[in-house]
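Enquirer: First the structure, which I've put down as C-alpha cells, then a few questions once you've had a look.
2 protein chains.
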Amino acid sequence: MIHAAYARIKPVVRRTPLLSSPFLDEIAGRKLLVKPECLQHTGSFKFRGAYAALSGMEGAARVRGVIAFSSGNHAQGVALAARMHGTTATIIMPADAPELKIENTKALGAEVVLYDRASEDRDEIGARLSAERGLTLVKPFDEPLVIAGQASVGLEMAAQYEALEAEVLVPCGGGGLTSGVALALSEARPGWRVHPVEPEEFDDATRSLVSGNREENTRRDGSICDAIITPSVGKITFPILRKHCAAGIVVSEDEALQAMALAFSRLKIVLEPGGAVALAAALFYGSKLSGDTVIAVASGGNVDAEMFARAVGR
Amino acid sequence: MIHAAYARIKPVVRRTPLLSSPFLDEIAGRKLLVKPECLQHTGSFKFRGAYAALSGMEGAARVRGVIAFSSGNHAQGVALAARMHGTTATIIMPADAPELKIENTKALGAEVVLYDRASEDRDEIGARLSAERGLTLVKPFDEPLVIAGQASVGLEMAAQYEALEAEVLVPCGGGGLTSGVALALSEARPGWRVHPVEPEEFDDATRSLVSGNREENTRRDGSICDAIITPSVGKITFPILRKHCAAGIVVSEDEALQAMALAFSRLKIVLEPGGAVALAAALFYGSKLSGDTVIAVASGGNVDAEMFARAVGR
Chain A
1 MIHAAYARIK PVVRRTPLLS SPFLDEIAGR KLLVKPECLQ HTGSFKFRGA YAALSGMEGA
61 ARVRGVIAFS SGNHAQGVAL AARMHGTTAT IIMPADAPEL KIENTKALGA EVVLYDRASE
121 DRDEIGARLS AERGLTLVKP FDEPLVIAGQ ASVGLEMAAQ YEALEAEVLV PCGGGGLTSG
181 VALALSEARP GWRVHPVEPE EFDDATRSLV SGNREENTRR DGSICDAIIT PSVGKITFPI
241 LRKHCAAGIV VSEDEALQAM ALAFSRLKIV LEPGGAVALA AALFYGSKLS GDTVIAVASG
301 GNVDAEMFAR AVGR
Chain B
1 MIHAAYARIK PVVRRTPLLS SPFLDEIAGR KLLVKPECLQ HTGSFKFRGA YAALSGMEGA
61 ARVRGVIAFS SGNHAQGVAL AARMHGTTAT IIMPADAPEL KIENTKALGA EVVLYDRASE
121 DRDEIGARLS AERGLTLVKP FDEPLVIAGQ ASVGLEMAAQ YEALEAEVLV PCGGGGLTSG
181 VALALSEARP GWRVHPVEPE EFDDATRSLV SGNREENTRR DGSICDAIIT PSVGKITFPI
241 LRKHCAAGIV VSEDEALQAM ALAFSRLKIV LEPGGAVALA AALFYGSKLS GDTVIAVASG
301 GNVDAEMFAR AVGR
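Chains as they are written, first to last, in the numbering used here: chain A, 1 to 314; chain B, 1 to 314.
So this is what it looks like as C-alpha cells:
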C-alpha cells in the first residue's frame, strides 16, 4: 500500500530536501538532518495523506465528494487534494476556529461548515451531511490510505540518506505520520530507530509505548502545539507504533519555541510549535539518542505572525 | 566554465526546490515559482560561487589560503567553502559590522580581521595580508569562477521546469548571480527572459541597461536590502547582463517587506529584504511581465529577528 500510494502522489507532492547546519550539529552533538515538511503544499505533511486518500478511493465515491473534521492542517490538505481531483471537500470546523484557517480552507475551494461547540454535535452534522450528499469521510490519521500517504516521508528520507544507522524523530499526534514513517523505514532502513516526539502534558504516545495500552491525555487543549494534540493515538496507528517504534521523547513548549528560533536563524524555515517538537528533541535530548546521525521531521509551518515573533524574539 | 563549475559543486551544494502557492499565484496573476536560495548552505546563494572559486583555483594557491572583503553573505560562503577544502579563509570586515555576522563567520572557521572604517584602508590591509601570507582574493561577483558557480542556479531551474517560455527575476547587486543565471539560461532555455531586480535608489543595473554604460548609485548604504547594495554592477558582469538580460525592475523597500511577509505565510521560508526583491517584483509588477509563468530567485535569508518581525508583523 505504501509503494502504491507513493506512486500516486509522487507526481504532485513536493519532495522536501534534507536541510542541515553546522551550528545545529554542534548543539545536537551529532549530524542533524531536518526534513522540512513545512515546505510541503499547504504548509504541512498532511497534504501527502489527503492526496493518497483521495487518489486511492473508489472513483464514484470521489466524484460525490469528501468530508473532513478539522480546524487545521488536515483541513487544508484535504481541501487542496479535493480541488486537484476536481471534486468537492466539505470541512466541518468549530465556529471559533481562527479566521485565517477558515479563510485559507475556503480559498483552497472547500465548503466550510461551521458549528457551535457548545450547542451542536459535530459528528451529528457530519453524519447528516454525509448521508444527504453521499460524502466519504477522510479521517486525519486512523485510516490506512492516509498512513500509506504519510509513509512517503520515510521513503524519501531513505532515498536521500543512505547510512545503515540513524535515529529518526517524528512529531506525533494521532500517529499517522509516525506510523507511516516507521512502517516505510522498517523495510527500507531496518537499522534506523523511529521515535515519536510529543509536548509535555500531551505525551499519550510515549506513555502508551511504555504501558502497552492506548493511554489518553488528561488535557484536551490549551497547548501551543495544537497541530499535534489528540486525545490518544489511533486504534490503527498504535499497533504499528508498538511494533516499529523506539521510545517516545517528550519536550517542553519552551524547547519547541527555541527549536523554532533556531530553525529560523540556521535553516531559514518557518515552523509551528507542534512542527518543531522533533527538532527540539534532536537539539536538547541528545542523551536519549545513540549513533552519529539524527533525522528530525519538521512536520508543519502554519503559524501566525504573533506566535512566530514570540519564538524568534526570545 | 559553467558546466565544469557545476560538476565540481554539485556533490556539495544544496539543490533548492521550486516552491509555489496558489495564494501567491493569485496575487501575481500567473504561475509563480520561487527558487529559495535562503535554504542554501550559509543561508544564501553565495556559497555556490565561493565553492566554485575555491574548487577551481590552482591547488598550491588554495593551500596557501584565501581572503575576502565582506561583512555579509559572501563572507560566510567563502568561510564554509574554505573549511570544506581544508584551507584557511581570512575575512576583512569593518569593526562596526553586526556582531552576529562576525560571530557566524568566525564559527565557520574563518579568521576575521576587523578594520576601522574611518581611519584604516581595507584594500591596504588586504594587500598587505595577501602579500605576507600568499593569499588569493575571492571577489564577490566580478570573477569568472564565481559567476560560473552562481550560474548553477540557472542550470537547476532549467532542469526543474521545462516550459519554453518564462520570466525569471533575480535580485541584483554586483550582478554575479544575475549574469550567471542569464548565461546558463541563454543556452539551456533561450526562450526565457531574465530581469535583474533592485531596490529603489539603488537601481544602477536597471539604469545601466537603459543607458548602455555602467551607471553608479548616488547612495552607497542605508538600505534594508544591504545584501544586494553595490556602487555599480561589475566590469565583467555588465557586458553579460547587457547581452543576455531584459529590462530591470525596481521595487520599494516596503514591497520587499511585503514579499517577506508573504514568503513567511505562504511558503514558510525566511527571506532577508534584499533576498525578497525579485519575489516582490513577481507579486507587484506583473504588468511589466508577459507569459503565464514567472520564476523568482529568493537569494538569501540572513536576517535578524527584529527586521523579520517588522516584515511579518505588518
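For each residue, glycine too, the CB sits at the ideal point set by N, CA and C. Note that the coordinates shown come from a computational prediction; the quantities given were computed from them, not determined experimentally.
Residues of chain B with CB under 8 Å from Arg14/A, in chain order?
Expert: Neighbours of Arg14/A on chain B, chain order: Pro17, Leu19.
Enquirer: Measure the alpha-carbon distance for Ala278/A versus Leu32/A and round it to whole angstroms.
Expert: Ala278/A and Leu32/A: Cα-Cα distance of roughly 11 Å.
Enquirer: Determine the closest residue to Lys46/A out of Thr178/A, Ala182/A, Met307/A, with distance taken between C-alpha atoms.
Expert: Nearest C-alpha to Lys46/A: Thr178/A.
Enquirer: Give a yes or no on whether the C-beta atoms belonging to Thr87/A and Val63/A are separated by under 8 Å.
Expert: Contact: yes.
Enquirer: Helix or strand or just coil, what does DSSP make of Leu271/A?
Expert: Three-state DSSP puts Leu271/A in coil, outside helix and strand.
Enquirer: Below 7 Å CB to CB, which residues in the same chain sit around Arg207/B once its five sequence neighbours on both sides are set aside?
Expert: Glu215.
Enquirer: Counting only beta-carbon atoms, is Ile228/A nearer than 8 Å to chain B?
Expert: Not closer than 8 Å to any Cβ of chain B, the Cβ of Ile228/A fails to qualify, so no.
Enquirer: If you draw a straight line from the alpha carbon of Ala296/A to that of Leu169/A, how long is it in whole angstroms?
Expert: Going by the C-alpha atoms only, they are around 5 Å apart.
Enquirer: Tell me whether Arg8/A sits in a helix, a strand or coil according to DSSP, three-state version.
Expert: Of the three classes helix, strand and coil, the one that applies to Arg8/A here is helix, per DSSP.
Enquirer: Show which residues of chain B have a CB atom less than 9 Å away from the CB atom of Pro190/A.
Expert: In chain order: nothing, as chain B lies at least about 27 Å away.
Enquirer: Beta strand (DSSP E) containing Met84/B: first to last residue?
Expert: First-last for Met84/B: 73-84, but that is the alpha helix (DSSP H), not the beta strand (DSSP E).
Enquirer: Would you mind reading off the limits of the alpha helix (DSSP H) that contains Ile147/B?
Expert: First-last of the alpha helix (DSSP H) with Ile147/B: 144-150.
Enquirer: Can a CB atom of chain A be found closer than 8 Å to the CB of Ala296/B?
Expert: No, Ala296/B does not count as interfacial toward chain A.
Enquirer: Along the stretch 28-49 of chain B, what residues have a CB closer than 7 Å to any CB found in chain A?
Expert: The residues in question are Cys38, Leu39, Gly43.
Enquirer: Can you look up Phe69/A in the DSSP assignment and give me helix, strand or coil?
Expert: If DSSP states are grouped into helix, strand and coil, Phe69/A belongs with the strands.
Enquirer: Residues of chain B with CB closer than 9 Å to the CB of Lys106/A, please, in chain order.
Expert: Here the premise fails: no neighbours, minimum Cβ distance about 12 Å.
Enquirer: DSSP three-state label for Tyr285/A, please.
Expert: Residue state, collapsed to three classes: coil.
Enquirer: Three Cβ pairs or more, each shorter than 8 Å: is that satisfied between the stretch 217-236 of chain A and the stretch 215-231 of chain B?
Expert: No: fewer than three Cβ pairs fall under 8 Å.
Enquirer: Using a threshold of 8 Å, state whether the C-beta atoms of Val294/B and Ala28/B are closer than that.
Expert: The answer is yes: Cβ separation under 8 Å.
Enquirer: Starting from Pro140/B, trace the beta strand (DSSP E) in both directions and tell me its first and last residue.
Expert: Counting along the chain, Pro140/B falls outside any beta strand (DSSP E), and DSSP gives it neither H nor E.
Enquirer: Would you kindly work out how many angstroms separate the C-alpha atoms of Cys172/B and Pro196/B, rounded to a whole number?
Expert: Those two C-alpha atoms are separated by around 5 Å.
Enquirer: So which residues of chain B does Lys10/A contact, with C-beta pairs closer than 9 Å?
Expert: Those within 9 Å of Lys10/A in chain B number zero; the least Cβ separation is about 14 Å.
Enquirer: Going by C-alpha to C-alpha distance, which of Glu103/B, Leu18/B, Asn73/B sits closest to Gly301/B?
Expert: Selected option, being the one with the closest Cα: Asn73/B.
Enquirer: Within 8 Å, do at least three Cβ pairs link the stretch 148-162 of chain A to the stretch 7-17 of chain A?
Expert: Short answer: they touch.
Enquirer: Taking just the CA atoms, how far does Glu143/A sit from Glu165/B?
Expert: Taking the straight line joining both Cα atoms gives about 42 Å.
Enquirer: Can you give me the Cβ contacts of Ala50/A inside the same chain, cut-off strictly under 6 Å, excluding the 5 residues immediately before and after it?
Expert: Same-chain partners within the cutoff: Gly77, Val78, Ala81.
Enquirer: For Cys38/A, does the three-state DSSP call read helix, strand or coil?
Expert: Looking at Cys38/A - three-state DSSP - the assignment turns out to be helix.
Enquirer: Just by C-beta distance, which residues in the stretch 70-99 of chain B are closer than 9 Å to chain A?
Expert: Listed in sequence order: Leu80, Arg83.
Enquirer: I want to see whether chain B comes within less than 8 Å of Ile102/A, judged by CB atoms only; does it?
Expert: Judged by the 8 Å Cβ criterion, Ile102/A is not in contact with chain B.
Enquirer: Could you name the residues of the stretch 264-284 of chain A whose beta carbon sits closer than 7 Å to any beta carbon of chain B, in the order they occur along the chain?
Expert: Flagged, chain order: Phe264, Lys268, Ile269, Val270.
Enquirer: Mind checking who Leu114/B pairs with in its DSSP beta bridge?
Expert: BP columns for Leu114/B point to Met93/B.
Enquirer: Would DSSP call Thr237/B helix, strand or coil?
Expert: Note: Thr237/B maps to helix in three-state DSSP.
Enquirer: Within 10 angstroms of its Cβ, does Glu361/B collect 16 or more other Cβ (buried), or is it exposed?
Expert: Residue 361/B lies beyond the range of chain B shown here (1 to 314); nothing can be said about it.
Enquirer: Please decide whether Ala118/A counts as near chain B, where near means a Cβ-Cβ distance under 8 Å.
Expert: No, no contact with chain B.
Enquirer: Going by DSSP in three states, Leu129/B sits in which element: helix, strand or coil?
Expert: The answer is helix: DSSP assigns Leu129/B an H, G or I state.
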